[in-house]
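Q:
Protein chains: 4
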Amino acid sequence: MKALAINGGAGRMGQTLAGGLSALGRFSIGALVDAREPHELFGASYASSFDEVDADSIDVVIDFSSPEGVVAAARWCADNAKGLVIGTTGLTNEQRRVVDEAATKVGVVIAANYSVGAVLSEKFAALAAPYFDRVEIIELHHDKKVDAPSGTSIAAAKGIAAARAAAGLPEMIDPTLRHTLSGARGADTFGGVKIHSVRLPGLVAHQEILFGGPGEGLTIRHDSFDRVSFVQGVALAADAIDATPRLIDGIESLI
Amino acid sequence: MKALAINGGAGRMGQTLAGGLSALGRFSIGALVDAREPHELFGASYASSFDEVDADSIDVVIDFSSPEGVVAAARWCADNAKGLVIGTTGLTNEQRRVVDEAATKVGVVIAANYSVGAVLSEKFAALAAPYFDRVEIIELHHDKKVDAPSGTSIAAAKGIAAARAAAGLPEMIDPTLRHTLSGARGADTFGGVKIHSVRLPGLVAHQEILFGGPGEGLTIRHDSFDRVSFVQGVALAADAIDATPRLIDGIESLI
Amino acid sequence: MKALAINGGAGRMGQTLAGGLSALGRFSIGALVDAREPHELFGASYASSFDEVDADSIDVVIDFSSPEGVVAAARWCADNAKGLVIGTTGLTNEQRRVVDEAATKVGVVIAANYSVGAVLSEKFAALAAPYFDRVEIIELHHDKKVDAPSGTSIAAAKGIAAARAAAGLPEMIDPTLRHTLSGARGADTFGGVKIHSVRLPGLVAHQEILFGGPGEGLTIRHDSFDRVSFVQGVALAADAIDATPRLIDGIESLI
Amino acid sequence: MKALAINGGAGRMGQTLAGGLSALGRFSIGALVDAREPHELFGASYASSFDEVDADSIDVVIDFSSPEGVVAAARWCADNAKGLVIGTTGLTNEQRRVVDEAATKVGVVIAANYSVGAVLSEKFAALAAPYFDRVEIIELHHDKKVDAPSGTSIAAAKGIAAARAAAGLPEMIDPTLRHTLSGARGADTFGGVKIHSVRLPGLVAHQEILFGGPGEGLTIRHDSFDRVSFVQGVALAADAIDATPRLIDGIESLI
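Residue numbers (the numbering used here), protein chains in the order written: chain P, 5 to 259; chain L, 5 to 259; chain Y, 5 to 259; chain D, 5 to 259.
1) Could you have a look at residue 30 of chain D and say whether DSSP puts it in helix, strand or coil?
2) Would you mind telling me which residues of chain P sit closer than 7 Å to residue 232 of chain D, beta carbon to beta carbon, in chain order?
3) Output the boundary residues of the beta strand (DSSP E) element that contains residue 216 of chain D.
4) For the putative contact between residue 68 of chain P and residue 23 of chain P, defined by C-beta atoms under 8 Å, what is the C-beta separation to the nearest angstrom?
5) Should the stretch 180 to 195 of chain D be called in touch with the stretch 220 to 233 of chain Y, which here means at least 3 C-beta pairs below 8 Å?
6) Enumerate in chain order the residues of its own chain whose CB-to-CB distance from residue 254 of chain P is below 7 Å, with the five nearest sequence positions on each side excluded.
7) Give the secondary structure of residue 227 of chain L by DSSP, where H, G and I count as helix, E and B as strand, and everything else as coil.
8) Keeping to the same chain, check which residues put their C-beta closer than 8 Å to that of residue 249 of chain L; ignore five residues upstream and five downstream.
9) Identify the continuous beta strand (DSSP E) that holds residue 138 of chain L and give its terminal residues.
10) At what residues does the alpha helix (DSSP H) containing residue 73 of chain P begin and finish?
11) Suppose contacts are defined by Cβ-Cβ distances below 8 Å. Is residue 52 of chain Y in contact with residue 35 of chain Y by that definition?
12) Compute the distance between the beta-carbons of residue 138 of chain P and residue 187 of chain L, then report whether it is under 8 Å.
13) Interface residues of chain D around residue 264 of chain P at Cβ under 7 Å?
14) Are the beta-carbon atoms of residue 95 of chain L and residue 77 of chain L separated by less than 8 Å?
15) Does residue 206 of chain P come within less than 8 Å of chain Y when only Cβ atoms are used?
16) Where does the unbroken alpha helix (DSSP H) through residue 102 of chain L begin, and where does it stop?
17) Tell me the DSSP secondary structure of residue 192 of chain P in three-state form.
18) Chain L beta carbons: is any one of them nearer than 8 Å to that of residue 211 of chain Y?
19) Closer than 6 Å by C-beta to residue 31 of chain L: which residues in its own chain qualify, once you throw out the five before and the five after it? Chain order, please.
20) Could you work out which residue in P/80, P/72, P/71 and P/45 is closest to residue 62 of chain P when comparing CA atoms only?
21) Closest by CA to residue 64 of chain P, which one among P/242, P/256, P/252 and P/258?
22) Please work out which residues of its chain come closer than 7 Å, Cβ to Cβ, to residue 119 of chain D, disregarding the five sequence neighbours upstream and downstream, and give them in chain order.
23) From what residue to what residue does the alpha helix (DSSP H) around residue 125 of chain P run?
24) Would you report the Cα separation of residue 203 of chain P and residue 123 of chain L, rounded to the nearest angstrom?
25) Under three-state DSSP, which class holds residue 267 of chain P?
26) One question on the structure: do residue 153 of chain P and residue 222 of chain L come within less than 8 Å of each other, judged by their Cβ atoms?
27) Check each candidate in D/10, D/17, D/246 and D/224 and name the one with the smallest Cα separation from residue 117 of chain D.
28) Name, in chain order, the residues that DSSP records as bridge partners for residue 11 of chain P.
29) Of all the CB atoms in chain P, is at least one closer than 8 Å to the CB of residue 258 of chain D?
30) Give the range of the beta strand (DSSP E) segment to which residue 47 of chain Y is assigned.
31) Just to confirm the assignment, what range does the beta strand (DSSP E) spanning residue 155 of chain D have?
32) Starting from the Cα of residue 33 of chain Y, find the closest Cα among Y/41, Y/47 and Y/20 and give me that residue.
33) How big is the Cα-Cα spacing for residue 201 of chain Y and residue 182 of chain Y?
34) Measuring alpha carbon to alpha carbon, tell me which residue in L/15, L/251 and L/217 is nearest residue 140 of chain L.
35) Spatial neighbours of residue 208 of chain L within its chain, please: C-beta separation below 8 Å, excluding the five flanking residues on both sides.
36) Counting C-beta neighbours from all protein chains within 10 Å, is the total for residue 14 of chain D 16 or more, i.e. buried, or is it exposed?
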């Protein structure tokens with residue numbers, strides 16, 4: 005049973021991971037590291053910083069803290085020969101360099117999305133891409149999301165475009181001849197993949213990748229209802245690494 | 005049992021209507037009027053023009069011919085005291101004037117869409133509009149459709165905007181602050197209703213009207229798979245009229 | 005501005021309503037009534053029972069407590085000439101009798117479902133029912149739901165069957181001739197409406213009512229993501245009543 | 005460019021394949037074999053039986069005829085060293101034996117479903133199966149389909165169950181405790197995969213495989229709108245084989 009320290013362990017994601025990972029039965033939560041005191045401890049000891057963490061009691065650090073927090077975690081893991089799983093995003097180049105350096109000393113997984121369903125969606129889309137004439141993406145999010153299109157949809161479009169190119173297929177051309185109103189046909193992205201972004205209160209995070217060919221359609225839909233969906237992907241990452249130096253970028257290779 | 009003459013009776017729509025209407029059991033097909041000879045007669049007599057139609061044998065004319073054909077049908081109906089149901093679109097102002105004049109002498113129904121499902125969709129959308137914070141439309145069509153967005157989706161947006169305005173609701177504001185790629189948020193239409201147009205081979209004609217409010221969503225989806233879906237709406241129109249002067253614009257009021 | 009007392013105000017629904025209703029700007033929360041102390045007060049005073057509530061400060065009582073709590077609320081409203089909105093379910097006949105008696109003295113709204121989207125779904129389904137040959141319902145819930153099919157889906161089926169019967173349509177007959185495996189064709193309910201119940205972790209509460217006719221389909225989908233969706237329906241009910249005796253059963257008539 | 009003979013070439017499927025395969029540009033249609041005379045020839049010569057076919061002009065035979073027709077095609081291919089692609093279903097054991105024997109002399113592909121989208125759906129479902137707690141299938145067909153559940157959905161359930169078992173996952177248990185009406189929870193199939201069969205006029209052939217886990221869902225939907233969707237799968241099969249003895253059962257391995 006691997007013992008985990010969760011950096012950012014008092015945050016909403018940290019608390020969700022602590023609860024979800026301990027419930028799986030194959031991890032113990034050794035420490036919750038956070039400047040703020042956690043609401044629940046899940047059997048872990050609380051540490052306001054890594055200085056207070058007993059290195060002997062930890063196998064892997066899970067980081068869902070902040071870009072600065074990642075630097076502290078990466079250094080501590082490198083110094084103490086612990087694996088590191090990073091879900092924090094928005095790192096500067098310099099912060100990312102510290103992570104890459106840590107990966108020359110210990111095992112590190114870094115990913116923007118730990119949802120297994122999202123990763124499978126992207127994988128299936130790339131597999132289906134060579135067999136259909138056209139593909140468009142609809143991503144639907146709550147109305148508090150500030151940007152459009154979503155990063156996830158752009159990543160999916162990129163993967164689809166690469167798979168089409170690898171199969172020798174041409175860029176897709178928009179068949180619409182008469183645009184009565186601009187914007188209706190969505191954003192034009194990699195390889196001609198169109199992305200349509202819907203924003204409605206009530207929604208959480210949803211994505212449909214729609215393929216069409218003569219007489220048939222194939223749709224891959226992913227619904228994210230709750231952040232607890234990250235638990236499984238983080239668990240796969242924590243399973244995959246230890247002190248052996250290694251950098252795993254994205255969890256696709258673990259699925 | 006009303007006897008129908010179908011103008012444009014050799015065309016694909018005319019043949020579908022002849023078969024579908026006669027199968028309902030409450031209409032007989034008295035004449036198929038068309039310059040081309042029809043593939044199937046469905047018990048009707050064939051007339052290459054209205055000159056050859058025996059007026060005594062007909063109660064109502066169904067016109068799915070051409071803008072010029074509509075003019076001939078409207079004049080014949082006005083002269084012979086027959087009801088007229090028009091599904092032909094693309095009339096010039098002058099052609100439309102002839103139709104309006106006929107409606108001062110006999111009953112006329114004119115509509116762009118005889119699909120009951122499409123009409124119900126639009127009606128439900130207007131009824132739901134006052135109760136939700138935001139609404140967006142996704143319309144999905146085969147890749148041979150030349151224009152975007154679809155006329156049906158624009159009509160639905162107009163109805164939703166009118167219903168919101170009548171309920172004292174403000175225009176909707178796009179909540180997206182950062183547009184990474186233009187077009188992602190769709191076409192901006194009446195009252196801020198966004199329309200997204202998807203074009204894929206394999207599809208026929210589909211539309212989703214998505215409403216969102218705190219904690220919930222309501223979606224009205226209409227799928228058109230085949231032109232036979234017009235039979236019911238044409239039948240409702242044929243039931244509704246006779247020689248009494250009257251103009252019914254759209255079949256909403258018949259449902 | 006109406007002042008509300010929320011019975012069951014410390015519960016999850018009570019707290020959600022207190023926050024949601026006060027945010028609308030047209031209600032003040034005068035009192036939260038609950039044996040347990042509430043987490044948040046939303047400007048209200050706390051009362052452990054109705055004995056502690058200052059009647060002069062309240063216009064309408066909102067009850068999402070327990071069957072016993074409803075009885076106390078109904079008696080207090082009848083005695084103090086206050087309107088009452090009841091969302092608590094599972095009342096015995098005797099408890100319901102107390103509610104009905106209160107409605108002879110003050111205004112009472114009682115409903116099993118305050119989601120406007122759910123009520124609109126049911127209404128639209130009844131409106132569409134006369135125009136389609138067949139209809140089936142798919143309801144999808146999280147895997148902790150103990151019963152199947154859902155009460156909401158059965159109520160929808162009942163409304164559809166009544167609308168079909170009123171239009172002179174016959175009971176629907178299952179077209180399936182060969183049942184390879186029993187259960188595939190769902191539960192047979194009112195008027196032959198089939199209900200299919202899907203149970204998956206991750207889901208919240210979702211329902212699709214699917215209508216089909218020649219060449220077309222119409223689908224009404226409702227998604228409940230969060231209990232905050234009840235706020236609007238409760239607000240409509242609170243708006244609708246005062247001390248004038250009246251019983252409103254279900255919020256359909258308020259929409 | 006491979007030259008194809010289409011057995012059953014006057015039927016609806018045969019005509020669709022002749023048109024679709026010749027339009028791809030990498031096949032010529034050498035012969036349409038059918039007792040009935042074909043409506044269109046697509047550049048092929050017409051043969052009322054294989055006796056009239058010039059073997060030198062053909063590389064591969066495509067059979068969408070009848071179980072008896074398959075036997076004739078298999079013998080002719082074996083005798084003349086031609087590849088054979090079989091889409092005809094409903095073979096007796098004896099008829100199937102003739103096919104297997106032909107495959108010891110020439111290349112043979114036999115499959116129940118040549119839709120690439122359907123095959124990809126099944127493949128993706130098996131890949132996703134180990135990562136979700138529960139999965140259910142909804143298949144939706146027109147009301148003329150005589151049986152339920154569909155063969156395609158049962159095959160998908162079988163593949164999912166095998167993938168779950170291979171990953172060491174247990175049979176799924178229905179979480180429903182109280183069945184108010186029997187049948188609501190669908191048909192119980194391999195590994196506890198539930199199948200729900202919807203039958204509505206207007207629909208063609210559609211299938212949704214719904215996976216659910218903590219906080220997320222993944223849905224794989226396939227829509228068949230027209231038999232032209234078989235063209236691509238038949239083309240992949242025709243590409244894959246020649247006179248070299250070989251039996252390919254299903255087109256999964258070709259995708």
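We put the beta carbon where it would ideally sit given N, CA and C, even for glycine.
A: The structure says:
1) coil
2) 218 and 219
3) 209 to 217
4) Not a contact, Cβ separation roughly 13 Å.
5) no
6) 115
7) strand
8) 107, 108, 109, 110 and 111
9) 138 to 145
10) 71 to 84
11) no
12) no
13) The structure shown does not extend to residue 264 of chain P, since chain P spans only 5 to 259, so no value can be given for it.
14) no
15) yes
16) 97 to 106
17) strand
18) no
19) 6, 8 and 25
20) P/80
21) P/242
22) 228, 233, 234 and 237
23) 120 to 132
24) 25 Å
25) Past the edges of chain P, shown from 5 to 259, lies residue 267 of chain P, and the structure says nothing about it.
26) no
27) D/17
28) P/37 and P/67
29) no
30) That residue, residue 47 of chain Y, is in no beta strand (DSSP E); it is neither H nor E in DSSP.
31) Unbroken run through residue 155 of chain D is the alpha helix (DSSP H), 155 to 170; no beta strand (DSSP E).
32) Y/47
33) 21 Å
34) L/217
35) 145, 146, 227, 228, 229 and 230
36) buried
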